[in-house]
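Chains as they are written, first to last, in our numbering: chain A, 1 to 154; chain B, 1001 to 1139.
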Amino acid sequence: MTVNREFIGREYPASTTYEVGREHIRRFAEAIGDLHPAYLDPAAARALGHPDVIAPPTFLTVLNFRFATEGPVADPSLGLDYSLVVHGEQSFELHRPVVAGDVLTSVQRVDDVRDAGRNELVSTVIEVTGAAGEPVATLRGTLVSRGTAAPKGA
Amino acid sequence: MPTYDEVEVGTELPVGSYPLRRVDLIRYCGASGDANVIHWNQRVAQAVGLPDVIAHGMLTMAVAGRVVTDWTGDPGSLLSFRVRFSRPVVVPDDNDGAQLVVRGTVEDKLEGRQVVVALVATVGDSKVLAGARATVRLT
Chain A
1 MTVNREFIGR
11 EYPASTTYEV
21 GREHIRRFAE
31 AIGDLHPAYL
41 DPAAARALGH
51 PDVIAPPTFL
61 TVLNFRFATE
71 GPVADPSLGL
81 DYSLVVHGEQ
91 SFELHRPVVA
101 GDVLTSVQRV
111 DDVRDAGRNE
121 LVSTVIEVTG
131 AAGEPVATLR
141 GTLVSRGTAA
151 PKGA
Chain B
1001 MPTYDEVEVG
1011 TELPVGSYPL
1021 RRVDLIRYCG
1031 ASGDANVIHW
1041 NQRVAQAVGL
1051 PDVIAHGMLT
1061 MAVAGRVVTD
1071 WTGDPGSLLS
1081 FRVRFSRPVV
1091 VPDDNDGAQL
1101 VVRGTVEDKL
1111 EGRQVVVALV
1121 ATVGDSKVLA
1131 GARATVRLT
């Protein structure tokens, strides 16, 4: 099954805000094996000039999964078999560090769906803003749907 | 912590070497919310054509980025970070897992006391990231 090109350009605003908690930051930091004190200890984070503990740079990937059920990947009409999916590319632009206590709003957009050989590539962008509407981060990701491209005509 | 003025193009960061074991993948499934079955179930991973369970790309990226944030001393110094996942990190069902070795080199110095670090991440002889670049602001 090929991925549905009609999804290109569709936007998916998260239905609720995402509240960044100290304990989730701690758990994420432990899971990546990085116990930098700026992630764990508010006093250490403040000594570096941050208002509270900050999240590791790739933390916002959690938004993909927190809002997975309402994003494009969860829509069966996209035609994406998640067991065939591997991550192709990812980028983070961080306008400022994510800080414990942040209440974040996010919108995911399907930027592109295209063939790459026998695979298909699904590119999405997530724009993340803070409680005051200020830009916090832009995440660009490409998923590879392995072997699902339509056969090329002779 | 390195300062912008003392860093030069070609400055090498301390090399990082980190194990990625099955238990690390399970922890990352829980912490990130990404429970894709290819990260914890060998039977399904092989059924969809992978050699074995593979690490989350995002876990590999997070671990690779640590070479940069450990170097600057402040993880909040990281402004942008991008990678391509060129080869999967296959994680065998043993006590050692895969050993990820990460090397960083200053590639460019920009305005605003920013520097670009090029990262090379390998498991054995295999480069698992391509085009990996992190931009940080130094003091």
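Even for Gly, the Cβ is constructed at its ideal location relative to N, Cα and C.
Please read these numbers as outputs of a predicted model, since none were measured by experiment.
Closest by C-alpha distance to A/Asp75, when choosing among A/Val3, A/Asn119, A/Thr148, A/Lys152: Ranking the options by Cα distance to A/Asp75, first place goes to A/Val3.
Close-in-space but distant-in-sequence residues of the same chain around B/Asn1041 (CB under 8 Å, 5 per side omitted): Val1053
8 Å Cβ cutoff met for B/Val1123 and B/Gln1099: Yes, Cβ-Cβ distance for B/Val1123 and B/Gln1099 is below 8 Å.
Cβ of A/Ala154 within 8 Å of any chain B Cβ: Confidence at A/Ala154 is low in this model, with a pLDDT of 48, below 50, so the placement of that residue is unreliable and no value is reported for it.
Within 8 Å, strictly: CB atoms of A/Thr148 and A/Met1: Their beta carbons are under 8 Å apart, which means A/Thr148 touches A/Met1 by this criterion.
Residues that B/Arg1133 bridges to, as DSSP identifies them: B/Arg1082, B/Ala1118
Counted within 10 angstroms of its Cβ, other Cβ atoms place A/Asn64 as buried (16 or more) or exposed: Around the beta carbon of A/Asn64, a 10 Å sphere encloses 16 or more other beta carbons of the protein chains shown; the residue is thus reported as buried.
Pair within 8 Å by beta-carbon distance, A/Pro135 and A/Val110: no
Nearest candidate by alpha-carbon position, reference A/Thr61, set A/Gly79, A/Gly133, A/Ala29: A/Ala29
Cross-strand partners of A/Arg114 (DSSP beta bridge): The secondary-structure analysis by DSSP pairs A/Arg114 across a beta bridge with A/Leu121.
Terminal residues of the beta strand (DSSP E) in which A/Ser91 lies: 85 to 94
A/Ala14 versus A/Ala137 - alpha carbon distance: Here the C-alpha atom of A/Ala14 lies approximately 15 Å from the C-alpha atom of A/Ala137.
Chain A contact for B/Val1048 (CB, 8 Å cutoff): yes
Expected contact under 8 Å - CB spacing of B/Val1106 and B/Val1009 to nearest Å: 6 Å
Proximal residues, the region 91 to 120 of chain A versus chain B, C-beta separation under 7 Å: Ser91, Phe92, Glu93, Leu94, Pro97
Cβ-based neighbour list, A/Ala154, same chain, cut-off 8 Å, excluding 5 preceding and 5 following: Confidence in A/Ala154 is poor, its pLDDT being 48 and thus under 50, which makes the residue's placement unreliable; the coordinate value appears in the next sentence. Closer than 8 Å at Cβ, skipping near neighbours: no residue.
Same chain, Cβ closer than 6 Å to A/Glu93, five either side skipped, listed in chain order: Thr138
Buried versus exposed, by CB contacts within 10 Å (16 or more), B/Ser1126: exposed
In chain order, each beta strand (DSSP E) run of at least 3 residues that lies wholly inside the region 1035 to 1114 of chain B: 1078 to 1085, 1098 to 1110
Alpha carbon of A/Thr105 to alpha carbon of A/Val128, nearest angstrom: 6 Å
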